[in-house]
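Residue numbers (the numbering used here): 1 to 80. Note that beta-carbon positions come from the ideal geometry of N, C-alpha and C, so glycine has one too. Notes for the one structure printed next.
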Amino acid sequence: MEDLEDYIHRENLKIFKREIGLERDAVRRRWLLKRLAEEEAKGRAATWQAAAGSTSPGAPKGECLVSDPYSIPEETVPAS
1 MEDLEDYIHR ENLKIFKREI GLERDAVRRR WLLKRLAEEE AKGRAATWQA AAGSTSPGAP
61 KGECLVSDPY SIPEETVPAS
């Protein structure tokens, strides 16, 4: 990742973590947890690409091999 992208990534992580700590609504909190997991996956994918030497914009993105600790089974989410 480039410097600006690194900064934005770190700030997004801080914001999501702060908002999750403050959020009282369960549905909104789950949404924030999902966004946090996606943002964390972006960082892992970029790290794996850099380690593999794949830095070109058209290079395939790395797959997240780590199970998502923030995932919530669909059956636990109330229907709208």
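Ile15: which of Glu2, Ala26, Glu40 sits nearest, CA to CA?
Numbered from 1 along the sequence shown, position 15 holds the residue referred to as residue 15. Taking only the C-alpha atoms, the option nearest Ile15 is Glu40.
What's the gap between the Cα of Ser56 and the Cα of Glu5?
Residue mapping note: residue 56 aligns to position 56 of the sequence shown, counting from 1. Residue mapping note: residue 5 aligns to position 5 of the sequence shown, counting from 1. Interpretation of Ser56 is limited by its pLDDT of 48, a score under 50 that renders its predicted location unreliable; the figure taken from the coordinates is listed afterwards. Distance between the alpha carbons of Ser56 and Glu5: 15 Å.
In the DSSP assignment, the alpha helix (DSSP H) including Glu5 goes from what residue to what residue?
Here the question's residue 5 lines up with position 5 in the sequence shown. Start and end: 3 to 22.
Ignore the nearest five residues each way along the sequence and tell me which others in Lys17's own chain have a CB closer than 6 Å to its CB.
Start at 1 with the first residue of the sequence shown, and residue 17 comes out as number 17. Within the same chain, Lys17 has no close Cβ partners at all.
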